[in-house]
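Here the structure is laid out as structure tokens; the discussion comes afterwards.
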Amino acid sequence: AQSVTQLGSHVSVSEGALVLLRCNYSSSVPPYLFWYVQYPNQGLQLLLKYTSAATLVKGINGFEAEFKKSETSFHLTKPSAHMSDAAEYFCAVSGTNFGNEKLTFGTGTRLTIIP
Amino acid sequence: EADIYQTPRYLVIGTGKKITLECSQTMGHDKMYWYQQDPGMELHLIHYSYGVNSTEKGDLSSESTVSRIRTEHFPLTLESARPSHTSQYLCASSDVRRVSFAFGSGTRLTVV
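The structure is reproduced here in structure tokens:
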């Protein structure tokens, strides 16, 4: 079974500073990995996904993530934080074979942007 | 943009009532899922379906039931609502290759 661990339930950065949200996965085989963002009282919006193509994945709103097999990590970054980035971020993992497609989520990281 | 719809968006209902949360998608996705999310918490899979007439229990035990009679429709039913069922319920769908994995806006259920 796959799982993800998000380090840091709360992260605060200043506007314009680098955003780094950490995610480590556990899987016996390389999985598919996802980052979702959730704004208050909203559903989930896909930021980006890794599906065994390029290891550096670019997503929406200037976010990107790099799949590092040696570190079992899929950290989310953005060079310069905007106030609109304040939200809850979830890392998720799924298997790659039939019957193992369910998404398993991390506990989430709440990102606060300091003006 | 995702074409997956959940109704109602918000629901406040009394204990003991039967409720059905609706979820529909227009993308022709074969796989659909229900997640439960308590405020400020992670999402837990409670039901999923790989196609018509296919339903399975998820990782988190739930007293709700689901049905999948049509590809596009995946309703969730609580026969007798209780305050412990108060939560947000998110529906999702994905295609065979998981190129697209989309979520609805959720139903926020409050049982009083």
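Sequences listed follow chains W and A, in order. Numbers given in our numbering equal positions in the first sequence, counted from 1, plus 16. Numbers given in our numbering equal positions in the second sequence, counted from 1, plus 2. Here a beta-carbon is modelled for each residue, glycine too, at the ideal position from N, C-alpha and C. This structure is a prediction, so every number in the text was calculated from the model and none was measured.
Along chain A, which residues have their Cβ under 7 Å away from the Cβ of residue i?
i, result
"W/G124", "E44"
"W/F121", "E44 and L45"
Under 8 Å between the Cβ atoms of residue i and residue j?
i, j, result
"W/I129", "W/A97", "yes"
"W/L36", "W/Y52", "no"
"A/H49", "A/L23", "no"
"A/A104", "A/I15", "no"
"A/R70", "A/S86", "no"
"W/Q18", "W/P47", "yes"
"W/G78", "W/K94", "yes"
"W/A103", "W/T120", "no"
"A/V68", "A/T88", "no"
"A/L62", "A/L80", "no"
"A/Q38", "A/S64", "yes"
"W/T88", "W/S44", "no"
"A/H31", "A/S107", "no"
"W/E117", "A/K59", "no"
"A/R84", "A/T28", "no"
"W/C39", "W/V20", "yes"
"W/L60", "W/G75", "no"
By DSSP, does residue i sit in helix, in strand, or in coil?
i, result
"A/H87", "helix"
"A/M43", "coil"
"A/M34", "strand"
"W/S30", "strand"
"W/S19", "strand"
"A/S69", "coil"
"A/S64", "coil"
"A/S82", "coil"
"W/S110", "strand"
"A/V96", "A small correction: the amino acid at residue 96 of chain A is Ser; Val does not occupy that position in the sequence shown. Strand."
"W/S100", "helix"
"A/V114", "coil"
"W/T125", "strand"
"A/K19", "coil"
"W/K94", "strand"
What are the partner residues of residue i, as DSSP defines its beta bridges?
i, result
"A/Y52", "Answer is none; A/Y52 lacks a bridge partner."
"W/N13", "With chain W represented from 17 up to 131, any question about residue 13 of chain W goes unanswered, as that position is not in the structure."
"A/F76", "For A/F76, which the question treats as bridged, DSSP gives no partner whatsoever."
"A/E58", "A/Y50"
"A/E24", "A/T9"
"W/V45", "In DSSP, W/V45 forms no bridge with anything."
Since residue i meets chain A, which of its residues come closer than 8 Å, beta carbon to beta carbon?
i, result
"W/F50", "F103"
So which residues of chain W does residue i contact, with C-beta pairs closer than 9 Å?
i, result
"A/Y50", "E117 and K118"
Indicate, with yes or no, if the ligand PLP has a heavy atom lying under 7 Å from the CB of residue i.
i, result
"A/G108", "In terms of ligand content, the structure shown is empty, and the ligand PLP therefore cannot be addressed."
Quick one: list the residues of chain W neighbouring residue i, beta-carbon separation under 7 Å, in chain order.
i, result
"A/G108", "G59"
Quick one: which chain A residues come within Cβ less than 9 Å of residue i?
i, result
"W/F106", "E44 and L45"
Along chain W, in chain order, which residues have C-beta atoms closer than 8 Å to that of residue i?
i, result
"A/L92", "G59 and L60"
Which runs of the beta strand (DSSP E), 3 residues or longer, sit entirely within the stretch 52-84 of chain W?
Unbroken beta strand (DSSP E) stretches of 3 residues or longer found wholly inside the stretch 52-84 of chain W: 61-66, 72-74 and 80-84, given in chain order.
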